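So the structure is just underneath, and the comments pick up after that.
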Amino acid sequence: MWSDSEHLLAQLSDALELSNWLFYQANSSEDTEPVPAPTPMRRPGQEDAAVEPAQPTYASTEEVVDFFTRMNNI
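All you need for the working numbering is the position in the sequence shown, starting with 1, plus 5.
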């Protein structure tokens with residue numbers, strides 16, 4: 006079994022990989038082949054087949070505009 010800190014480090018690693026993948030996807034041209042999303046780090050007690058990559062969700066245009074408007078008003 007993993008300790009709490011090991012679980013947090015695995016979650017950080019997964020988040021960083023997803024962040025890098027999203028950055029690459031956002032900054033690559035539409036002509037390039039899509040790169041598959043990273044698979045999460047295997048956790049203790051999970052079988053390999055049970056690990057499914059999380060489907061990213063994206064903010065709508067209105068949500069992004071609202072976010073940056075609120076950031077400018079701080």
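By construction, the Cβ of each residue, glycine as well, lies at the ideal position given by its N, Cα and C atoms.
Just so we're clear, the structure is a prediction, and the values are computed from it rather than from any experiment.
Quiz prompt | CB contact check: Q16 to chain C, cutoff 8 Å | solution = Of the protein chains in this structure there is only one, and it is not chain C.
Exercise. Note down, one range per segment and in chain order, each alpha helix (DSSP H) of at least 4 residues found wholly within the stretch 14 to 78.
Key: Every alpha helix (DSSP H) of 4 residues or more that sits fully in the stretch 14 to 78 is shown, in chain order, as 66 to 77.
Exercise. Give the secondary structure of S8 by DSSP, where H, G and I count as helix, E and B as strand, and everything else as coil.
Key: coil
Quiz prompt | Within 8 Å, strictly: CB atoms of R48 and A20 | solution = At the C-beta level, R48 and A20 stay beyond 8 Å of one another.
Quiz item: Just to confirm, are S8 and M46 a CB contact at a threshold of 8 Å?
Solution: For S8 and M46, no; Cβs fall outside 8 Å.
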